[in-house]
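Remember, the numbering used here sits 27 above the position in the sequence shown when you count from 1.
No residue lacks a Cβ here, since even glycine has one placed at the ideal position from N, Cα and C.
Single-structure report; data block below.
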Amino acid sequence: MKVKILFFLTILCFGCSKVTPRKPINPKPSTTLLTETIEESKVLNKMEDEKILQLIKRDSTKAYTVSSNGFWYTYITKIEEELKTPKAGDEVSFTYNITDLNDAIIYSKEELGVKIYKVDKEDFISAIQKGIKLMKVGEIITFVIPSYSAFGISGDGNKIGINQSIKSTVTLISIK
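Below you can see the structure in the form of C-alpha cells.
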C-alpha cells in the first residue's frame, strides 16, 4: 500500500512539471510579404478599374453610374414610377447572364435559368447582391463588375478566370 502511495506521489510531482514553451526561431514576424501582397492587389485593382473605365468611355451610347460598392451599372430598361426595391430578407427572382468585358458570353441566361435569391441572406456574386437592391420589378440593368466584386483571385473554377472582370445583365422578375 505504501509503495502505491509513494508511486502515485512520484508521478504526481514529476507528471505536473511545467513545460517550457519553445521560442520562435525568428523572434520578429515578417510583414514584408503581407505588405507586398497588399501593394500588388492595389496595382491589380487599379489596372482592372482602368480597363473598365476604357470600356465605359468606348460605350458612349449608355450612361454608366459608379456605385459606392466598386462596380458600375447602366439601365437598359428603367421604371420611372415609384415602386418598391428589394430589401434584406426579401425573396427575389431574376434572370442574369455573365459575359467578359468584350461581351463574349461566359454563361447565358438560358444556361443559368431563373435565380431565386433571399436578399442579403445567401452568398452570391457580391456586386449583384448589392445591385439587386437598386432595382424595381421589370427593370434591366447591366453591371460591370471588377474581379474583386465578382469571383476574385480564384475565378469560378470553371469558365471565369482568376482576376477576371465581368459584365452581367440582370432582369428583376419579382419581389416577395
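Ile-167 and Lys-50 have their C-alpha atoms spaced approximately 60 Å apart.
One Cα belongs to Lys-148, the other to Met-74, and the distance between them is close to 32 Å. Sequence-distant Cβ neighbours of Thr-112 in its own chain, meaning closer than 7 Å and more than five residues away, are Lys-160, Leu-161, Met-162 and Lys-163. Taking C-beta separations shorter than 8 Å and ignoring five residues to either side along the sequence, the partners of Thr-92 in its chain run Trp-99, Tyr-100 and Thr-101, following chain order. In the structure shown, Leu-110 adopts coil according to DSSP, grouped into three states. In chain order, Ile-172, Ser-176, Ala-177, Phe-178 and Ser-195 place their CB closer than 8 Å to the CB of Ile-152, counting only its own chain and leaving out the 5 sequence neighbours on each side. Per DSSP, the continuous beta strand (DSSP E) segment holding Leu-199 begins and ends at 193 to 202. Using a Cβ distance threshold of 7 Å, Thr-169 and Phe-121 do not count as a contacting pair. Beta-bridge annotation (DSSP): Lys-145 is paired with Glu-118.
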